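Q: Protein chains in written order, with the working numbering: chain A, 243 to 593; chain B, 243 to 593.
All C-beta atoms in this analysis are idealised placements derived from N, C-alpha and C, irrespective of residue type, glycine included.
Nothing here was measured: the structure is a model prediction, and the numbers come from that model.
After the structure tokens below, expect a handful of questions from me.
Number of protein chains: 2
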Amino acid sequence: MKSRRPTQADVARRAGVSTAIVSRVLNPEGKGTVRVSPETEARVLRAIAELGYVPNPIARKLASGRARLLGVFSFESIFPLAQRDFYFPFLLGIEQGAEANAFDLLLFTSATAQGSRSIFRDGVNTLQLADGSVLLGRKPPKDELARLAEMGYPFVCLGRREVDGAEVSYIAADYAGATAEIVRHLYDLGHRTIALVAGAERDESSIDREAGYLRAMEAADLGRSAVVLRRRPDETSESDVRGLRAAGTTAVLLETDDHAHRFLDIAGAVGLSVPAEMSFAVLGDPLNPATEAPQWTSFHIPREEMGRASIEALIALIDSEAYAPYQTTLPCQFRPGDSTVPAPGPREEGP
Amino acid sequence: MKSRRPTQADVARRAGVSTAIVSRVLNPEGKGTVRVSPETEARVLRAIAELGYVPNPIARKLASGRARLLGVFSFESIFPLAQRDFYFPFLLGIEQGAEANAFDLLLFTSATAQGSRSIFRDGVNTLQLADGSVLLGRKPPKDELARLAEMGYPFVCLGRREVDGAEVSYIAADYAGATAEIVRHLYDLGHRTIALVAGAERDESSIDREAGYLRAMEAADLGRSAVVLRRRPDETSESDVRGLRAAGTTAVLLETDDHAHRFLDIAGAVGLSVPAEMSFAVLGDPLNPATEAPQWTSFHIPREEMGRASIEALIALIDSEAYAPYQTTLPCQFRPGDSTVPAPGPREEGP
DNA sequence: CTGAAAGCGCTTACAG
DNA sequence: CTGAAAGCGCTTACAG
Numbered sequence: 243m244k245s246r247r248p249t250q251a252d253v254a255r256r257a258g259v260s261t262a263i264v265s266r267v268l269n270p271e272g273k274g275t276v277r278v279s280p281e282t283e284a285r286v287l288r289a290i291a292e293l294g295y296v297p298n299p300i301a302r303k304l305a306s307g308r309a310r311l312l313g314v315f316s317f318e319s320i321f322p323l324a325q326r327d328f329y330f331p332f333l334l335g336i337e338q339g340a341e342a343n344a345f346d347l348l349l350f351t352s353a354t355a356q357g358s359r360s361i362f363r364d365g366v367n368t369l370q371l372a373d374g375s376v377l378l379g380r381k382p383p384k385d386e387l388a389r390l391a392e393m394g395y396p397f398v399c400l401g402r403r404e405v406d407g408a409e410v411s412y413i414a415a416d417y418a419g420a421t422a423e424i425v426r427h428l429y430d431l432g433h434r435t436i437a438l439v440a441g442a443e444r445d446e447s448s449i450d451r452e453a454g455y456l457r458a459m460e461a462a463d464l465g466r467s468a469v470v471l472r473r474r475p476d477e478t479s480e481s482d483v484r485g486l487r488a489a490g491t492t493a494v495l496l497e498t499d500d501h502a503h504r505f506l507d508i509a510g511a512v513g514l515s516v517p518a519e520m521s522f523a524v525l526g527d528p529l530n531p532a533t534e535a536p537q538w539t540s541f542h543i544p545r546e547e548m549g550r551a552s553i554e555a556l557i558a559l560i561d562s563e564a565y566a567p568y569q570t571t572l573p574c575q576f577r578p579g580d581s582t583v584p585a586p587g588p589r590e591e592g593p
Numbered sequence: 243m244k245s246r247r248p249t250q251a252d253v254a255r256r257a258g259v260s261t262a263i264v265s266r267v268l269n270p271e272g273k274g275t276v277r278v279s280p281e282t283e284a285r286v287l288r289a290i291a292e293l294g295y296v297p298n299p300i301a302r303k304l305a306s307g308r309a310r311l312l313g314v315f316s317f318e319s320i321f322p323l324a325q326r327d328f329y330f331p332f333l334l335g336i337e338q339g340a341e342a343n344a345f346d347l348l349l350f351t352s353a354t355a356q357g358s359r360s361i362f363r364d365g366v367n368t369l370q371l372a373d374g375s376v377l378l379g380r381k382p383p384k385d386e387l388a389r390l391a392e393m394g395y396p397f398v399c400l401g402r403r404e405v406d407g408a409e410v411s412y413i414a415a416d417y418a419g420a421t422a423e424i425v426r427h428l429y430d431l432g433h434r435t436i437a438l439v440a441g442a443e444r445d446e447s448s449i450d451r452e453a454g455y456l457r458a459m460e461a462a463d464l465g466r467s468a469v470v471l472r473r474r475p476d477e478t479s480e481s482d483v484r485g486l487r488a489a490g491t492t493a494v495l496l497e498t499d500d501h502a503h504r505f506l507d508i509a510g511a512v513g514l515s516v517p518a519e520m521s522f523a524v525l526g527d528p529l530n531p532a533t534e535a536p537q538w539t540s541f542h543i544p545r546e547e548m549g550r551a552s553i554e555a556l557i558a559l560i561d562s563e564a565y566a567p568y569q570t571t572l573p574c575q576f577r578p579g580d581s582t583v584p585a586p587g588p589r590e591e592g593p
């Protein structure tokens, strides 16, 4: 199987020109604005076709620093069956973006250091083969992002990322705005005591949701009654729900659908009627909505669009001379459902 | 941002040795089994540490000839939302295989020629960037496969592919065996008139299912009653189902779950009680099983395993000197369900 | 418009 | 055990 692939030199020989000409035919927009005569170009093109020549991206990258290769790196497995619905839209958007710009994608699957993935291996930035990379994954190690930024490697994170001492590019979803919108929706339904149950992880997306919640509560003059419970779904307890009810809570925001499932279970156990006595909403796309239940109030995260935008930002980053981080936040779409109903009983308005 | 990184030459200079020595210290298991004296090695190591030297992976790949890049090409979009459940397991397996063998994956997303994807663009094999490629897609153009084989490019198809004049490597699922197993299952339930409704496309996987069906029918001495209806799901008509019933058919094999949904609709329309009067089974993984219905009798296609196997085969192919196609057929797992029940009424056995 | 040549940063026979 | 040198396949000033 070791049939030697034709090189630029083979093409040049066949076309009766130098390799410089072949390179210029291949890179018309290259530096120097050099021109090749139409006849010569035609000869080169024919030689390329006859030999089936394809430029070697490795050599290209070494010589020019460009490879027309965009990396996709995930700190977790890229195709985890369990998170299929989470990753797939991102990848679809990334694929569309790459295809639209005639880039190929490089999936860094070899970057495994004893189990967990890491960008640097023996100090080597494994992403370097690609001109730049999109970074996926819920919790990227901040120190690796910082190193990447420090060495000037172009990358874009999917999801807002704050890194000390570095301006990181990202495409984020507007969790804060979408969460605030849900609070307003509940307010309009008459709810005045609205709680937030968020995950134990205080990552950026969770911080944004909390910020949106607090902002909207304050805007509605409900700031004093704001309650944030930070719990893993399985940590949420019956006493949590009892406590909320005792405090007069009539609506609760649940960060994930795991939280929602857990909440429904507990509500059933403590005899709380949902949503009649307590409305609830999920702060994102319910990936595994309860099939038997009516639709939950939630919002749509534009993952596909985010994937596409990440590629556009990455290409802009690669092409730009001076470094300026691209930080884009895309709106989420509010999706009203049956899990939020008008607040029960007499309203207790402020004095 | 362009602070020049130290190169091997910088290290060599500082350590007072040649670059060859530095390379050997870095690649102890490289070819040639050359040794470096401990003192020299220590000096090199110190220089590396002092300079913060990190080898350039691009240069490494170019010099060594080992790109460790495996291509993934799909004739359709790789991440089609509609076919998520179909492709995802393949990709998961491919990712696992690549990771296990320390290869990166190259997704050919730039290979678009006016809408549809094609391996050859302007006569050029675009896959050449990768050491070899896995080919996905339901109906790969046979002429492109033939050309690929002819030029000696290493590739493995996911799914059996027969190409005139070429021995193509593939990892297939044993549709024939699994279909035969379902026929036997029905036979054991007392069914004697069993029909097959397959798609209009006579591609390899469909041919295999039909072959398994016919083989099992003959083995059960039911060959004379074998009936194969070739229909697109939406072409299947009420008269088809009435005809089957009139012929005494008590069980029907449906190639896809689309066929199954259509069959159930028609059965309802013509007043056929399913599965009481007519059992049915799906010849593969029901991707969109009717949620309200009980589980259908079917079999599991080992897509994840197939993905992994395709990478192993591909690497073997790349490493092999002489060409020999890898053709592996993996067993499917029979999955009994509630859609197959004992045959109704008096059995009509042969004379 | 075209070519000869240097260079990208490594690896690897080939000589000492 | 070590070094000088060729080469991997390109791009890109620099001269014509």
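Quick check: the Cα distance between E591 of chain A and L495 of chain A, rounded to an integer number of angstroms?
A: With a pLDDT of only 48 at E591 of chain A, under the threshold of 50, the placement of this residue in the model should not be trusted; the figure read from the coordinates follows. In a straight line, the C-alpha of E591 of chain A is about 21 Å away from that of L495 of chain A.
Q: Would the stretch 409-416 of chain B count as touching the stretch 367-374 of chain B if we require 3 or more Cβ pairs under 8 Å?
A: Cβ pair count under 8 Å is below three, so no.
Q: Please classify V662 of chain B as buried or exposed, where buried requires at least 16 other C-beta atoms within 10 Å of its C-beta.
A: A query on residue 662 of chain B cannot be resolved here, the shown segment of chain B reaching from 243 to 593 and no further.
Q: Taking C-beta pairs closer than 7 Å, name the residues in chain A that P297 of chain B reaches, listed in chain order.
A: Chain A residues near P297 of chain B: V366.
Q: Helix, strand or coil for H542 of chain A per DSSP?
A: Reduced to three states, the DSSP call for H542 of chain A is strand.
Q: Once DSSP output is grouped into helix, strand and coil, what is the label at I436 of chain A?
A: Three-state DSSP puts I436 of chain A in a strand.
Q: Given A511 of chain B, which residues of its chain have a CB within under 8 Å of its CB, disregarding the five upstream and five downstream residues?
A: Excluding sequence neighbours, A511 of chain B sits near E480.
Q: Roughly how many whole angstroms lie between the Cα atoms of P383 of chain A and A555 of chain B?
A: In a straight line, the C-alpha of P383 of chain A is about 34 Å away from that of A555 of chain B.
Q: Which runs of the alpha helix (DSSP H) fall wholly inside the stretch 454-497 of chain A and span at least 4 residues, in chain order?
A: For the stretch 454-497 of chain A, whole alpha helix (DSSP H) runs of length 4 or above, ordered along the chain, are 480-488.
Q: Can you give the Cα-Cα distance for Q519 of chain B and V405 of chain B, rounded to whole angstroms?
A: First, the amino acid is wrong: residue 519 of chain B is Glu here, not Gln. Taking the straight line joining both Cα atoms gives about 42 Å.
Q: Determine the chain B residues that contact S540 of chain A at a beta-carbon separation under 8 Å, and present them in chain order.
A: Neighbours of S540 of chain A on chain B: none; closest Cβ ~19 Å, over 8 Å.
Q: What ranges does the beta strand (DSSP E) occupy inside the stretch 326-352 of chain A, keeping only unbroken runs of at least 3 residues that lie completely in it?
A: With a minimum length of 3 residues, the continuous beta strand (DSSP E) runs that stay inside the stretch 326-352 of chain A are 346-349.
Q: Starting from the Cα of D594 of chain B, find the closest Cα among B:R402, B:L529, B:G587 and B:E546 and give me that residue.
A: No answer is possible for residue 594 of chain B: the residues shown for chain B start at 243 and end at 593.
Q: Do P331 of chain A and R577 of chain A come within 8 Å of each other at the CB atom, strictly closer than that value?
A: Taking 8 Å as the Cβ cut-off, R577 of chain A and P331 of chain A do not qualify as a contacting pair.
Q: Where I436 of chain B and V516 of chain B are concerned, what is the direct C-alpha to C-alpha distance, given to the nearest angstrom?
A: Taking the straight line from one Cα to the other gives about 14 Å.
Q: Once DSSP output is grouped into helix, strand and coil, what is the label at L387 of chain A?
A: L387 of chain A falls in the helix class under three-state DSSP.
Q: Can you check DSSP and say which residues form a bridge with F317 of chain B?
A: In the DSSP output, where bridge partners are listed per residue, F317 of chain B has none listed.
Q: Using 8 Å as the limit for Cβ to Cβ distance, is G294 of chain A near chain B?
A: Yes, G294 of chain A lies at the interface with chain B (some Cβ there is under 8 Å from its Cβ).
Q: What are the start and end residues of the beta strand (DSSP E) that includes T570 of chain A?
A: Counting along the chain, the beta strand (DSSP E) containing T570 of chain A begins and ends at Q569 to L572.
Q: Alpha carbon to alpha carbon, what distance is there between G307 of chain B and A257 of chain A?
A: If you take the alpha carbons of A257 of chain A and G307 of chain B, they lie about 26 Å apart.
Q: Would Q370 of chain A pass as an interface residue toward chain B - the criterion being a Cβ-Cβ separation below 8 Å?
A: For Q370 of chain A, the answer is yes, since a Cβ of chain B falls inside 8 Å of its Cβ.
Q: How about I560 of chain B and P299 of chain B: are their beta carbons less than 8 Å apart?
A: Going by C-beta atoms, I560 of chain B is not nearer than 8 Å to P299 of chain B.
Q: What did DSSP end up calling A415 of chain B once you bin it into helix, strand or coil?
A: In this structure, A415 of chain B counts as strand in the three-state DSSP scheme.
Q: Of all the residues that make up the stretch 298-310 of chain B, which are near chain A by a beta-carbon distance shorter than 8 Å?
A: Under the 8 Å Cβ criterion, the stretch 298-310 of chain B contributes N298, P299, I300, A301, K303, L304, A309 and R310.
Q: Which residue marks the beginning of the alpha helix (DSSP H) containing S375 of chain A, and which one marks its end?
A: Segment G374 to L378 is the beta strand (DSSP E) holding S375 of chain A; no alpha helix (DSSP H) there.
Q: Drop a sphere of 10 angstroms on the beta-carbon of Q250 of chain B, count the other beta-carbons inside from all chains shown, and report buried for 16 or more, exposed for fewer.
A: Buried, since its Cβ has 16 or more Cβ neighbours within 10 Å.
Q: Assign G549 of chain B to buried or exposed, taking buried as 16 or more other Cβ atoms, counted over all protein chains shown, within 10 Å of its Cβ.
A: Looking at its Cβ environment, which holds 16 or more other Cβ atoms inside 10 Å, G549 of chain B is buried.
Q: Using DSSP's beta-bridge definition, name the partner residues of R402 of chain B.
A: BP columns for R402 of chain B are empty, so no partner.
Q: Taking Cβ-Cβ distances shorter than 7 Å, what residues in chain A pair up with E283 of chain B?
A: Ordered by position in chain A, no residue passes the 7 Å Cβ test against E283 of chain B, which lies about 16 Å from the chain.
Q: Under the assumption that G579 of chain B contacts T539 of chain B (Cβ atoms under 8 Å), give the Cβ distance between them as a whole number of angstroms.
A: With 8 Å as the limit, G579 of chain B and T539 of chain B qualify as a contact, their Cβ atoms being about 4 Å apart.
Q: Could you pull the start and end residues of the alpha helix (DSSP H) that Q250 of chain A belongs to?
A: Its alpha helix (DSSP H) spans residues Q250 to A257.
Q: Helix, strand or coil: which one does DSSP assign to S521 of chain A?
A: Residue state, collapsed to three classes: strand.
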